[in-house]
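Below: one structure, written as structure tokens.
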Amino acid sequence: MSHSTRIETFGVEQIPDSQRNATPSDLFRLIFGGANTFATAVLGSFPVLFGLSFQAGVWAIVLGVAVGALILAPMGLFGVLNGTNNAVSSGAHFGVHGRIVGSFLSLLTAAAFFSLSVWSSGDALIGGAKRLIGLPETDLTLGLAYGLFALLVLIVCIYGFRFMLWVNKIAVWASSLLFLLGIVAFAGPFDPSYAGNLNMEQPGFWAAFIGAALLAMSNPVSFGAFLGDWSRYIPRHTPKRRTMLAVLAAQTGTLIPFMFGLCTATLVATQAPQYIEANNYVGGLLAISPTWFFLPVCLIAVIGGMSTGTTSLYGTGLDMSSLFPRLMSRAGATLLIGVAAIALIFVGRFAFNLVQSVSTFAVLIVTCTSPWMVIMILGLITRRGFYHPDDLQVFTRGEHGGRYWFQHGWNWRGLGAWIPSAAVGLCFVNLPGQFVGPLGELAGGIDVSLPITLGIATVLYISLLNLFPEPASVYGPAGPCWVRMKSNPTLPQHDARLADRLAVPSAEQAPCVQASASTMGAAP
């Protein structure tokens, strides 16, 4: 049996060094392959659906992708340092039980983007078949397409990491070439002066602009909980800048499908405006496409949708298996989550407004996941990248105690920063006609949820770490950076047997200096 098609047996336990033979290039392929898809093109169409001009749409997309990529890049380091997924790694800052916050966020993200990939790909396949062979576009044909496509994605996820990597090696190049072929198909009628329905002087412009930027940002942010699923196979001695550059490069590459979606949406708005009015970008794209481009559109839908669906669903199955390690394997958890997600796909597609569902869910994910990521990154800096991977696995092994036990498995410093920041951020969300929080109108109708939630998370977390210092045992020999620490670790009485494993820095408080490459790493 090929190594790529052998079912993966690893769960969230630390990957042995002998099995960690992936590279940052592999990480690039998985991220880029998961985002270089028709689903991302659909997100790129939203500025036009919101009424923005082409130029305003470009700036909104570039701003969202850039901010999201900068926040995302450090999230690839946790898997390299700890050999496990990011939800488990978050136990270092939220407690080994508090890591369920990351598991919950990954579940929400997977449901949203798995659904988006299946919806967009199924719609494109049936729409193309309708134009080519006259296949009727009914709820039955759409449902069959969704079900078949979701089943294919589920099979790839069950096989695991190596099979996903093989699929994405094909998807990266195939999707890129097909999108570039789309430039040829639509270059003639494209007009970069498309003005949209809103200009900067109109009241709703900035609300639409920020909403479009947040949707673009949701794409890189959606990978935050999942990067460790793949980077855990990268050897821990790999230079950290290479891992972060791979993440940044992959997100920069996503501008290809984003711009394809934006450019073609302007054509749909001018040539078939009824589709924009009905929020049906996919149908409009097929209506204006030359006949010879139908097959490439279908290929983009299949290849890209497989890539997005697998990167979303795989991580959630992996994480759910870690929450119930004695009840289900990774493959079993993936199957369970996959079946539930497929049910959600049908309910969301046939019972609700698709565009409103996707845009609302994406913005809510950004609002809740961004502060979690900021707390993780600040924790990475204050710990100087020093972790004890074995103690992160306490919950998975059914044990108590260890360096990250804190208060009965919960670290209320991280939770105390995340809960208020996410809650207040949700109150400031403003998506007109979809979701407006109780404080959403305070900024004149502009959605300011992101800067508020990120600012609160930063201030609260650093303040809590200084007001209530963490035990010295969680830090490495160089001590903490930016924050104070307690001299003696505190362990539950019944886990005192773990005390001899603790390495405590001798200084009460180490000065904050630039960590060298030798000190930035996980404890052996």
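According to the working numbering, the residues represented by the sequence shown are 702 to 1225, in order.
C-beta atoms are modelled at their ideal positions from N, C-alpha and C, and glycine is treated no differently.
Values in this document were obtained by computation on a predicted structure and should not be read as measured data.
In the DSSP secondary-structure assignment, Q1108 is bridged to W1111.
If you look at W1183, you'll find it isn't in any alpha helix (DSSP H); DSSP assigns it neither H nor E. Here T1068 is near T1154, since their CB atoms are less than 8 Å apart. Per DSSP, the continuous alpha helix (DSSP H) segment holding F814 begins and ends at I801 to I834.
Rounded to the nearest whole angstrom, the CA to CA distance from F1129 to P1152 is 10 Å. Taking C-beta atoms as the reference points, P775 and R943 fail to come closer than 8 Å. Around the beta-carbon of T953, fewer than 16 other beta-carbon atoms lie within 10 Å, marking it exposed.
With a threshold of 16 other beta carbon atoms within 10 Å, D727 meets it and is buried. Under the three-state reduction of DSSP output, L1132 falls in the strand class.
For S719 and R937, the gap between their C-alpha atoms comes out near 11 Å.
Between L731 and W931, the alpha-carbon positions lie close to 8 Å from each other. Residues I716, G780, G784 and T785 of the same chain have their beta carbon placed closer than 6 Å to that of R933, with the five preceding and five following residues left out of the count. When the Cα atoms are used, A757 and L878 turn out to be separated by approximately 26 Å. Secondary-structure assignment with DSSP links P1172 through a beta bridge to K1187. A Cβ-Cβ contact shorter than 8 Å links S821 with V983. Of the residues W874, V1125, L753 and N1131, the one whose Cα lies closest to the Cα of L1000 is W874. A distance below 6 Å between beta-carbons, with the five flanking residues on each side excluded, links L1079 to the following residues of its chain, in chain order: Y1162. The three-state reading of DSSP puts V1149 in coil, since its state is none of H, G, I, E or B.
In this structure, DSSP gives V789 a helical state, which the three-state scheme calls helix. Residue state for V766 is assigned as helix, using DSSP reduced to three classes.
Of V1064, L1093, V1184 and H1109, the smallest CA-CA separation from L1132 is found for V1064. Rounded to the nearest whole angstrom, the C-alpha separation of I772 and I1082 is 13 Å. Its Cα nearest to that of N722, the residue T939 stands out among Y1176, S1164 and T939. Using a C-beta cut-off of 8 Å, the region 1104 to 1117 makes contact with the region 1168 to 1175, since at least three inter-stretch Cβ pairs fall below that distance.
The region 924 to 953 is shown to contain whole alpha helix (DSSP H) runs of 4 or more residues at 928 to 932, in chain order. Annotation for E978: the continuous alpha helix (DSSP H) segment containing it runs P974 to E978. Under the three-state reduction of DSSP, V743 is assigned to helix. Between N787 and A926, the beta carbon gap of about 6 Å places them in contact (Cβ cut-off 8 Å). A979 and A973 have their alpha carbons spaced roughly 11 Å apart. In chain order, F733, A736, N737, T741, V766, N920 and P921 place their CB closer than 8 Å to the CB of T955, counting only its own chain and leaving out the 5 sequence neighbours on each side. Between the beta-carbon of V759 and that of A966 there is about 12 Å, and that puts the pair past the 8 Å contact cut.
8 Å or more divides the Cβ of P958 from the Cβ of G792.
The C-beta distance from A909 to L764 rounds to 13 Å, too long to fall under 8 Å, and the pair is not in contact.
Beta-carbon to beta-carbon, S1122 and P1072 are separated by about 4 Å, close enough to satisfy the 8 Å threshold. Excluding its 5 nearest sequence neighbours in each direction, A1144 has no C-beta neighbour in its own chain below 7 Å. The beta carbon of L1166 sits closer than 7 Å to those of T1083, R1114 and V1184, all from its chain and outside the five residues before and after it, given in chain order.
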